[in-house]
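The numbers in full-length UniProt numbering rise by one with no breaks, and the one at position 20 of the sequence shown is 20.
The structure under discussion appears below in the form of structure tokens.
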Amino acid sequence: MNRFLSNTVSRIDAKGRVSVPAHFRAVVQKRGYSELYALRCLDLPAMDVGGLDLLDRYEQRIAREDPFLQTADDMSFFCHGDGAFLKLDQDGRITMTDFIREHAGISAEVAFVGRGNFFQIWEPGRLATYGAQARARLLQLRQGTKAHEAKAGERPE
């Protein structure tokens, strides 16, 4: 498997470290990441975490912007100033720095959530709330699509 999938909650130890889930560590190893890049989500209280390919994706997008416009500067500030590298120790743990804790609201536990090519770090309660909201949005979209399909399938008599 070469994708970050599923979710799990882990407890932070007394030294402020947390074990990255084994299935996430397997993806990290398979992809050859020597360190992890963590970036504050722009609109969520979570951290996006991946390898250098995650940082490369943002930098490629910045390179397409006019360097003299504010957008390029803002994007650089976002991906470089709101990002940090995380080191996995020999036991597969990362340190929950103040940078991460403050943005995500993390205290004693961390939720790891697979997002395909990267994963996210959340405070478990905030993740539960967001997950319920996301499912509600998708259900509403599905119900709206079904109603539209049913209406489109009706034939005038």
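Ideal Cβ placement from N, Cα and C applies to all residues, glycine included.
A Cβ-Cβ separation of about 16 Å leaves V28 out of contact with V110 under the 8 Å criterion.
DSSP places Q29 outside any beta strand (DSSP E); the residue lies instead in the alpha helix (DSSP H), whose first and last residues are A22 to R31. When DSSP states are grouped into helix, strand and coil, E35 belongs to the coil group. Straight-line measurement puts the Cα of A152 at about 44 Å from the Cα of A104. The Cβ-Cβ distance between G81 and L55 does not fall below 8 Å. Contact check for R25 against N2 fails: the beta carbons are separated by 8 Å or more.
Between the stretch 126–139 and the stretch 72–79 there are fewer than three inter-stretch CB-CB distances shorter than 8 Å, so the stretches are not counted as touching. Counting other Cβ atoms within 10 Å of its Cβ, P21 reaches 16 or more and is therefore classed as buried.
Rounded to the nearest whole angstrom, the C-alpha separation of D48 and L69 is 26 Å. Look at A132 here: in three-state DSSP terms it is helix.
The residue among L52, L44 and R101 with its C-alpha nearest the C-alpha of T129 is L44.
Beta-bridge partners of A147 (DSSP): none assigned.
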